[in-house]
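Enquirer: Can you keep this structure in mind? I'll have questions shortly.
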Amino acid sequence: MQDIEAITRLVFRILDENRTMALATLRPDGWPQATTVGYVHDAFAIYFAVASSSQKLANIRRDPRTSIAIGHADPSGRRVSGLSMAARSVQLSDWREVEHVNDLIRARYPQAAVFAPRNSNAAVIRAEPQILSVVDDAAGLQEPALFRVSQASALSPIEA
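Counting from 1, position 54 in the sequence shown corresponds to residue 67 in this note's numbering; the numbering is continuous, with no gaps.
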């Protein structure tokens with residue numbers, strides 16, 4: 014049995030150590046479209062912004078299923094630490110939640126711009142992971158460990 018608390022701490026460490034992620038959405042023709050975006054997180058919720066006129070936003074509005082990859086290798090390239098997630102993504106419409114995202118950005122990246130809730134050409138998106146896979150050589154996870162993320166922001170193992 015895996016130590017869920019240790020895995021959860023590892024997931025948050027990986028989220029904290031990185032600043033960008035690969036985001037894949039589904040285009041109207043069914044092909045995936047992957048791009049890199051900056052993010053900030055609050056527990057398992059991941060927030061990012063896209064242009065209001067972007068193909069990414071149109072894709073998310075049509076089909077909220079997204080895939081996210083976050084991670085890095087150490088300078089030697091021998092140790093890898095990363096996450097892969099299947100998430101449901103939605104555009105924020107509650108300006109208080111946008112302000113919460115701004116507070117997260119101010120706390121984590123004081124030099125970064127924040128979103129003017131009512132005057133922005135950007136859409137702020139929340140991705141809620143449903144399934145999460147984590148790999149971390151240093152933590153002894155050379156093979157991906159697969160988890161379901163519950164509404165209560167708790168991980169539960171998915172048996173292979």
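Just so you know, even glycine gets a beta-carbon here, dropped at the ideal spot from N, CA and C.
Which term fits Phe25, buried or exposed, when burial requires 16 or more other beta carbons within 10 angstroms of its beta carbon?
Expert: Translated into positions along the sequence shown, residue 25 becomes position 12. So Phe25 counts as exposed.
Enquirer: How would you call Asp149, buried or exposed, if buried means at least 16 neighbouring beta carbons within 10 angstroms?
Expert: Taking the sequence shown and counting its residues from 1, the one referred to as residue 149 is at position 136. Asp149 should be labelled buried.
Enquirer: Determine the direct distance from the alpha carbon of Ala37 to that of Val147, and round the result to whole angstroms.
Expert: As a working mapping, residue 147 is identified with position 134 in the sequence shown. As a working mapping, residue 37 is identified with position 24 in the sequence shown. Cα-Cα distance, rounded: 18 angstroms.
Enquirer: What number of angstroms, rounded off, separates the C-alpha of Met98 from the C-alpha of Arg139?
Expert: By one-based count along the sequence shown, residue 98 stands at place 85. By one-based count along the sequence shown, residue 139 stands at place 126. Near 13 angstroms, if we compare the C-alpha coordinates of Arg139 and Met98.
Enquirer: Examine chain D for any beta-carbon lying closer than 9 angstroms to the beta-carbon of Pro88, and answer yes or no.
Expert: Of the protein chains in this structure there is only one, and it is not chain D.
Enquirer: Identify the continuous alpha helix (DSSP H) that holds Arg40 and give its terminal residues.
Expert: Indexing the sequence shown from 1 puts residue 40 at position 27. That residue, Arg40, is in no alpha helix (DSSP H); it is neither H nor E in DSSP.
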